[in-house]
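Colleague: Numbers 1 to 74, taken from the UniProt record's numbering, label the letters of the sequence shown in order.
Each residue gets a CB set at the ideal place from its N, CA and C atoms; glycine is no exception.
Have a look at the structure that comes next, please.
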Amino acid sequence: MNDWIAAVQKELGLDVSFDNDAILDVAREAAHATERKAAPVTTYLMGVAVAHGANPADVAAKIEKLAKGWPSTT
């Protein structure tokens, strides 16, 4: 996966570091709390928030808290 991330960054002209595990954790929580399709959209929104200056760890914590409190669909 690291090769893929490096290739995407190069293709997009980016050179950023980030906590990949935190992003995957957020995706997992979103997918399990709602539905699988929520994972990529949630991580996109996480990226938008960070791009607007939010702290990545704070954003992840807020999303994970929201997901853990989300009403069960089962």
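Determine the extent of the alpha helix (DSSP H) in which aspartate 58 is found, giving its start and end residues.
Modeller: 56 to 68 is the extent of the alpha helix (DSSP H) around aspartate 58.
Colleague: Determine the closest residue to aspartate 15 out of Ala7, Asp21 and Ala22, with distance taken between C-alpha atoms.
Modeller: It is Ala7.
Colleague: From leucine 12 to alanine 30, what does the alpha carbon distance come to, in whole angstroms?
Modeller: Going from the Cα of leucine 12 to the Cα of alanine 30 covers about 26 Å.
Colleague: So, at 6 Å on beta carbons, what are the nonlocal neighbours of proline 56 in its own chain, with the 5 sequence-adjacent residues on each side left out?
Modeller: Closer than 6 Å at Cβ, skipping near neighbours: Val50.
Colleague: Please identify the residue among Lys68, Glu35, Gly47 and Arg36 whose C-alpha is closest to the C-alpha of asparagine 20.
Modeller: When only C-alpha atoms are compared, the closest one is Gly47.
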